[in-house]
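Chains as they are written, first to last, in numbering that gives the first Met the number 0: chain A, 0 to 464; chain B, 0 to 464.
Number of protein chains: 2
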Amino acid sequence: MFYLMSSGSIKKIGNNMKEVTIVGAGLVGSLWAVYLSKAGYKVQIFERRTDIRKAEISAGKSINLALSDRGWKALKGAGVDHLIKEIAIPMPGRIMHDMEGNLTYQPYGKEGQAINSVSRGGVNARMMDIAEQVGHAKITYNTKCLEADMKNGICYFENNETHEHFEVKSDLIFACDGAFSAIRYNSMQKLDRFNYSQTYIEDGYREILLPANADCSYKLEKNALHIWPRGRFMMIALPNEDGSFTCTLFMPFEGENSFEKLTSKEAIDNFFKTTFPDFYTMMPNIADAWEDHPLASLAITRCYPWHHGKTALMGDAAHATVPFYGQGMNAGFEDCTVMNDLMLKHNHDWDKIFEEYSRTRKPDGDGLQDLSLHNYHVMRDFVADPKFLLQKKIEARFAAKYPDKWMPLYSMTTFSDIRYSVAWKEGQRQQKIMDEVMAMEGIEAKWDSNDVEEKMNELLGENMV
Amino acid sequence: MFYLMSSGSIKKIGNNMKEVTIVGAGLVGSLWAVYLSKAGYKVQIFERRTDIRKAEISAGKSINLALSDRGWKALKGAGVDHLIKEIAIPMPGRIMHDMEGNLTYQPYGKEGQAINSVSRGGVNARMMDIAEQVGHAKITYNTKCLEADMKNGICYFENNETHEHFEVKSDLIFACDGAFSAIRYNSMQKLDRFNYSQTYIEDGYREILLPANADCSYKLEKNALHIWPRGRFMMIALPNEDGSFTCTLFMPFEGENSFEKLTSKEAIDNFFKTTFPDFYTMMPNIADAWEDHPLASLAITRCYPWHHGKTALMGDAAHATVPFYGQGMNAGFEDCTVMNDLMLKHNHDWDKIFEEYSRTRKPDGDGLQDLSLHNYHVMRDFVADPKFLLQKKIEARFAAKYPDKWMPLYSMTTFSDIRYSVAWKEGQRQQKIMDEVMAMEGIEAKWDSNDVEEKMNELLGENMV
Numbered sequence: 000m001f002y003l004m005s006s007g008s009i010k011k012i013g014n015n016m017k018e019v020t021i022v023g024a025g026l027v028g029s030l031w032a033v034y035l036s037k038a039g040y041k042v043q044i045f046e047r048r049t050d051i052r053k054a055e056i057s058a059g060k061s062i063n064l065a066l067s068d069r070g071w072k073a074l075k076g077a078g079v080d081h082l083i084k085e086i087a088i089p090m091p092g093r094i095m096h097d098m099e100g101n102l103t104y105q106p107y108g109k110e111g112q113a114i115n116s117v118s119r120g121g122v123n124a125r126m127m128d129i130a131e132q133v134g135h136a137k138i139t140y141n142t143k144c145l146e147a148d149m150k151n152g153i154c155y156f157e158n159n160e161t162h163e164h165f166e167v168k169s170d171l172i173f174a175c176d177g178a179f180s181a182i183r184y185n186s187m188q189k190l191d192r193f194n195y196s197q198t199y200i201e202d203g204y205r206e207i208l209l210p211a212n213a214d215c216s217y218k219l220e221k222n223a224l225h226i227w228p229r230g231r232f233m234m235i236a237l238p239n240e241d242g243s244f245t246c247t248l249f250m251p252f253e254g255e256n257s258f259e260k261l262t263s264k265e266a267i268d269n270f271f272k273t274t275f276p277d278f279y280t281m282m283p284n285i286a287d288a289w290e291d292h293p294l295a296s297l298a299i300t301r302c303y304p305w306h307h308g309k310t311a312l313m314g315d316a317a318h319a320t321v322p323f324y325g326q327g328m329n330a331g332f333e334d335c336t337v338m339n340d341l342m343l344k345h346n347h348d349w350d351k352i353f354e355e356y357s358r359t360r361k362p363d364g365d366g367l368q369d370l371s372l373h374n375y376h377v378m379r380d381f382v383a384d385p386k387f388l389l390q391k392k393i394e395a396r397f398a399a400k401y402p403d404k405w406m407p408l409y410s411m412t413t414f415s416d417i418r419y420s421v422a423w424k425e426g427q428r429q430q431k432i433m434d435e436v437m438a439m440e441g442i443e444a445k446w447d448s449n450d451v452e453e454k455m456n457e458l459l460g461e462n463m464v
Numbered sequence: 000m001f002y003l004m005s006s007g008s009i010k011k012i013g014n015n016m017k018e019v020t021i022v023g024a025g026l027v028g029s030l031w032a033v034y035l036s037k038a039g040y041k042v043q044i045f046e047r048r049t050d051i052r053k054a055e056i057s058a059g060k061s062i063n064l065a066l067s068d069r070g071w072k073a074l075k076g077a078g079v080d081h082l083i084k085e086i087a088i089p090m091p092g093r094i095m096h097d098m099e100g101n102l103t104y105q106p107y108g109k110e111g112q113a114i115n116s117v118s119r120g121g122v123n124a125r126m127m128d129i130a131e132q133v134g135h136a137k138i139t140y141n142t143k144c145l146e147a148d149m150k151n152g153i154c155y156f157e158n159n160e161t162h163e164h165f166e167v168k169s170d171l172i173f174a175c176d177g178a179f180s181a182i183r184y185n186s187m188q189k190l191d192r193f194n195y196s197q198t199y200i201e202d203g204y205r206e207i208l209l210p211a212n213a214d215c216s217y218k219l220e221k222n223a224l225h226i227w228p229r230g231r232f233m234m235i236a237l238p239n240e241d242g243s244f245t246c247t248l249f250m251p252f253e254g255e256n257s258f259e260k261l262t263s264k265e266a267i268d269n270f271f272k273t274t275f276p277d278f279y280t281m282m283p284n285i286a287d288a289w290e291d292h293p294l295a296s297l298a299i300t301r302c303y304p305w306h307h308g309k310t311a312l313m314g315d316a317a318h319a320t321v322p323f324y325g326q327g328m329n330a331g332f333e334d335c336t337v338m339n340d341l342m343l344k345h346n347h348d349w350d351k352i353f354e355e356y357s358r359t360r361k362p363d364g365d366g367l368q369d370l371s372l373h374n375y376h377v378m379r380d381f382v383a384d385p386k387f388l389l390q391k392k393i394e395a396r397f398a399a400k401y402p403d404k405w406m407p408l409y410s411m412t413t414f415s416d417i418r419y420s421v422a423w424k425e426g427q428r429q430q431k432i433m434d435e436v437m438a439m440e441g442i443e444a445k446w447d448s449n450d451v452e453e454k455m456n457e458l459l460g461e462n463m464v
């Protein structure tokens, strides 16, 4: 039942259908509403911000996300994947830009596999449409969640405009309210024996919009993720539907090459001219555009348990991560797949569902964090390293020949639904093997020889899991 | 300057002396008030609880703390050590109680070295007297800190009785408000790039008061810390001034031997009868006393930075720890020594003081946590292990002969002011050496031979720091 309570009075609304409160109309909250609705629940979503569909933000002008297999599987499970496919741009590989402007292409997976660029604003607006139209959810905007009585299913809200406080009591609460989740901060963190950590990495990021050509064509190859790896820092670019690219510069806040050094137009101009020359020729006004987007920080959140009483955390609220594996949205969507499977398994017995969700999904949240931090280092330090590129070539060759024996870590993470925790463990086993392979004498010359293949088969035998 | 602000009006009080707000009249806040006062600051302390000196808690009936060298040094620096010495009971060693009631004595350090049992209530009441009488601090009770404007030195309070809200603006704020610090939770944790973690261990604890004999004499040897190590769980007992002992049972919340199994009087009675038989004979009514104290949890807190603007965290607010090395209070007191040294070094330039305090004291906060977790495992798993006891004997013998070459880890932590971070690193180096020594053939027979001594000297040469 929903109860709307204000000034001490309790108003009962709705019928006998089980009623659910979702906090946050972001990607995960919107998708989960569809699953719940299809399972027979009545869903109400409360969102802190205004309706982005009515706000003056043109889609494709904000941070971009990379949708991949786990995300598609969850969208498909709710029957809404086709609605997102319309706004997604496939990127089958990455294109590396070196200091001289030379390009190197590296496919992400096998023929036909790709990750997909979607703008956060665009996909969120579409997901809200889906929540309302497919999920029959009522979304209430401008409503800030203050805290929750998690045992009794009561959420406390404040209307941002009137500052009126009100309470909503329902059968279940799902906190899909993101990295700075109010329910996690204000209610869960104060529980006895709740483990929690927030860890910022040394790097920040700043977005830059690379506009389309005058004829709306793309200034760079559309169907690729572009990357300018520069050792301790890097820039990436993902395509938007309108011909522009959303570029993101990741670098340390302090130190030799850092954001603290880029405070004058002259310094910014000079930095791009010398460090990203091919980009600079496309966008010589970079110094003027520098302040269009703020400098932002990046953090990893871990916590446990992910539920209490009638309340569960999903998505970033449970496992906000850094964007370097492109798995944040995919992991959040996968939470919906996992929760839905448990809902069916335990026939809507939510004590059992939440207990198993916390216990079994948490290791995958940790796996996600381990993978994302790992790829932060890979992208930052290794992606331009000839040894690293050779290793990936050897792995790809072996995987093509022995697909049952070897799936590269990137593919396990991106093009499969192997549990994150299992992928991470398997990836560490593979790295141990590849360390030995890369130490073989003359590996550069004989990388595609039978010798190397035999060695890998032998090492795989020794390193059985 | 202090400004008391209420209903929008600002009232200026005090003179031109720099004025300081301390949040929390616990051990660290009270001691730090003395240092500040001696340095010429005017100090005001706000405390959430009622004045424990007026409350009906007889001293010696709550959890006990072990005061050691770092604590004494800080008390001495403020010239108040003699006032605490009066209420401290020296414990030069630990007495282990086995299942048959056999006792083994193990000195903590050299002749003349001891840790000291003080009751938390007793020492806190005395520290409040000291803050008022020596530190000329005004303590305001029943005043809950809500949050702080850390840049501008404004603390927001609520009076627990009238529920009136008021603000205090001062030149500096010291958050000495403990493990659940309101300033850290509600203000610092929301800062961008503030790292934070709270991690609960699997064990909880419950206190038991072992009363004095009818003639007020002690039921156990007074000048010792008693310990009943039982592998995965343990009980300890520390003496009180009135002849009683404060005993604490540490064990897992769940599992085979755990608190969840001790829910009936019969189970409790049976557990003590079979597991702590010598204790049971002294306290056959244990089952009736079981509920006198609640079951409580234990957590480690880490965060960074420890300051922002005009505000710094000290003591448990910065580095709450588990009690297994008896260093929580000592570390908090040592924060006062460190902060005072920096105050003199930087001649009251608080930007510089706080910056260096955060940067240089944080590694010692981490060292404290590493040491405390390490001793949790030592006390739980090894303290009754003959091999461990032999290792400690070998170390003690070598340290006595070569005091310049070897100080046991326990002594570095407890009987020195070597930085925690250095002690922890040195302890790991020593353990590496002792692993090799303990692996020597026939070590049990030749532990005090020249052979072993030579081996240690040799290994020390190879493992130079």
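Backbone N, C-alpha and C define an ideal beta-carbon position, used for all residues, glycine too.
8 Å contact criterion, which isoleucine 88 of chain B and lysine 221 of chain B should meet: CB distance rounded: With a Cβ gap of about 7 Å, isoleucine 88 of chain B and lysine 221 of chain B count as contacting.
Same chain only: Cβ atoms within 7 Å of serine 5 of chain A, ignoring 5 sequence neighbours per side: Note on serine 5 of chain A: pLDDT 46, under 50, position unreliable in the model; no value is reported.
Residue-chain proximity (aspartate 498 of chain A, chain B), Cβ-Cβ < 8 Å: Residue 498 of chain A is absent from the structure shown; chain A starts at 0 and stops at 464.
Candidates B:Phe414, B:Ala330, B:Trp423: which alpha carbon is nearest glycine 111 of chain B's? Considering only alpha carbons, the answer is B:Phe414.
How many angstroms separate the CA atom of arginine 69 of chain B from the CA atom of leucine 208 of chain A? Their backbone Cα atoms lie some 56 Å apart in a straight line.
Buried or exposed, going by whether 16 or more other CB atoms sit within 10 Å of the CB of glutamine 430 of chain A? When all chains shown are included, glutamine 430 of chain A counts as exposed.
For the region 435–442 of chain B against the region 130–145 of chain B, are there 3 or more C-beta pairs whose distance is under 8 Å? Because the criterion of three Cβ pairs below 8 Å is not met, the region 435–442 of chain B and the region 130–145 of chain B do not touch.
Less than 8 Å separating the beta-carbons of glycine 364 of chain A and serine 67 of chain A? Result no, Cβ atoms of glycine 364 of chain A and serine 67 of chain A do not sit closer than 8 Å.
Report buried or exposed for proline 402 of chain B, applying the criterion of at least 16 other Cβ atoms within 10 angstroms of its Cβ. With fewer than 16 other Cβ atoms within 10 Å, it is exposed.
Buried versus exposed, by CB contacts within 10 Å (16 or more), arginine 301 of chain A: Label assigned to arginine 301 of chain A: buried.
List the residues of chain A that tyrosine 375 of chain B touches, going by C-beta distances under 9 Å, in chain order. Near tyrosine 375 of chain B there are no residues of chain A at all, since even the closest Cβ is about 16 Å away, more than 9 Å.
Anticipated Cβ contact below 8 Å, leucine 248 of chain B with tyrosine 217 of chain B, distance rounded: A Cβ-Cβ separation of about 20 Å leaves leucine 248 of chain B out of contact with tyrosine 217 of chain B under the 8 Å criterion.
Would you kindly report the start and end of the unbroken alpha helix (DSSP H) that includes tryptophan 423 of chain A? It spans 419–437 - the alpha helix (DSSP H) in which tryptophan 423 of chain A sits, taken as one unbroken run.
Where does glutamate 38 of chain A land, buried or exposed, given buried means 16+ other C-beta within 10 angstroms? Here the sequence assigns alanine to residue 38 of chain A, which means glutamate is not the residue at that position. Alanine 38 of chain A is exposed by the Cβ-count criterion.
Where do the ends of the alpha helix (DSSP H) carrying methionine 338 of chain B lie? Methionine 338 of chain B -> alpha helix (DSSP H) spans 327–344.
Helix, strand or coil at valine 79 of chain B [DSSP, three-state]: The answer is coil: DSSP assigns valine 79 of chain B none of H, G, I, E or B.
Any idea if alanine 317 of chain B is buried or exposed, counting beta-carbon neighbours within 10 angstroms, 16 or more meaning buried? Flag for alanine 317 of chain B reads buried.
In this structure, how does DSSP classify lysine 10 of chain B when only helix, strand and coil are distinguished? Summary for lysine 10 of chain B: the model assigns pLDDT 38, below 50, so the residue's position carries little reliability; its value from the coordinates is reported in the next sentence. Under the three-state reduction of DSSP, lysine 10 of chain B is assigned to strand.
Answer with yes or no whether the minimum CB distance from glutamine 197 of chain A to chain B is below 8 Å. Using a Cβ-Cβ cut-off of 8 Å, glutamine 197 of chain A counts as an interface residue toward chain B, since at least one Cβ of chain B sits closer than that to its own.
Specify, as a first and last residue, the run of the alpha helix (DSSP H) that histidine 318 of chain B falls within. Run containing histidine 318 of chain B: 315–318, per the alpha helix (DSSP H) assignment.
Hey, tyrosine 470 of chain B and isoleucine 114 of chain B: beta-carbon distance below 8 Å or not? The displayed coordinates of chain B run from 0 to 464. Any statement about residue 470 of chain B would go beyond what the structure contains.
8 Å Cβ cutoff, serine 296 of chain B in contact with chain A: Using a Cβ-Cβ cut-off of 8 Å, serine 296 of chain B counts as an interface residue toward chain A, since at least one Cβ of chain A sits closer than that to its own.
Contact criterion: CB-CB distance below 8 Å. Does asparagine 14 of chain A meet it with respect to chain B? The predicted position of asparagine 14 of chain A is uncertain, since its pLDDT is 48 and thus under 50; a value taken from the coordinates is nonetheless stated next. No - not a single Cβ of chain B is within 8 Å of the one on asparagine 14 of chain A.
Going by DSSP, name the residue or residues bridged to tyrosine 107 of chain A. Under the DSSP definition of a beta bridge, tyrosine 107 of chain A lacks any partner.
Where leucine 370 of chain B and histidine 81 of chain A are concerned, what is the direct C-alpha to C-alpha distance, given to the nearest angstrom? The alpha-carbon atoms of leucine 370 of chain B and histidine 81 of chain A are separated by roughly 55 Å.
Rounded to whole angstroms, what's the CA-CA distance from glycine 308 of chain B to methionine 406 of chain A? Just pull it up for me. One Cα belongs to glycine 308 of chain B, the other to methionine 406 of chain A, and the distance between them is close to 51 Å.
What do you get for threonine 139 of chain B, buried or exposed, if any count of 16 or more other CB atoms within 10 angstroms of its CB means buried? Threonine 139 of chain B counts as exposed, since fewer than 16 other C-beta atoms from the protein chains shown sit within 10 angstroms of its C-beta.
I'd like the ranges of any beta strand (DSSP E) spanning at least 3 consecutive residues and lying wholly in the region 208–263 of chain B. Complete beta strand (DSSP E) runs here, min 3: 224–228, 233–238, 244–251.
Using only alpha-carbon positions, find the residue among B:Asp176, B:Ile153, B:Asn141, B:Asn151 that is nearest to glutamate 163 of chain B. Considering only alpha carbons, the answer is B:Asn141.
Close Cβ partners of isoleucine 267 of chain B (< 6 Å) along its chain, the five nearest in sequence each way excluded: Listed in chain order, the non-local C-beta contacts of isoleucine 267 of chain B below 6 Å within the same chain comprise Leu261, Ala286, Trp289, local neighbours out to five positions each way being set aside.
Roughly how many angstroms separate the alpha carbons of lysine 60 of chain A and methionine 126 of chain A, rounded to a whole number? Caution applies to lysine 60 of chain A, whose pLDDT of 41 falls short of 50 and renders its modelled position unreliable; the model cannot decide the point.
Using a Cβ-Cβ cut-off of less than 7 Å, list which residues of the region 266–293 of chain A approach chain B; keep chain order. Along the region 266–293 of chain A, there is no position whose C-beta sits under 7 Å from a C-beta of chain B.
Output, in chain order, the set of chain B residues within a Cβ distance shorter than 8 Å of asparagine 329 of chain A. Residues of chain B whose Cβ lies closer than 8 Å to the Cβ of asparagine 329 of chain A do not exist; the shortest such Cβ separation is about 26 Å.
Classification of lysine 391 of chain B by the beta-carbon crowding that lies within 10 angstroms, buried from 16 upward: Flag for lysine 391 of chain B reads buried.
To the nearest angstrom, report how far apart lysine 72 of chain A and glutamate 333 of chain A are at their CA atoms. One C-alpha to the other measures close to 8 Å.
Would you say asparagine 339 of chain A reaches chain D, if we count a Cβ-Cβ gap shorter than 8 Å as a contact? Reference to chain D is not applicable here, since the protein chains of this structure are A and B.
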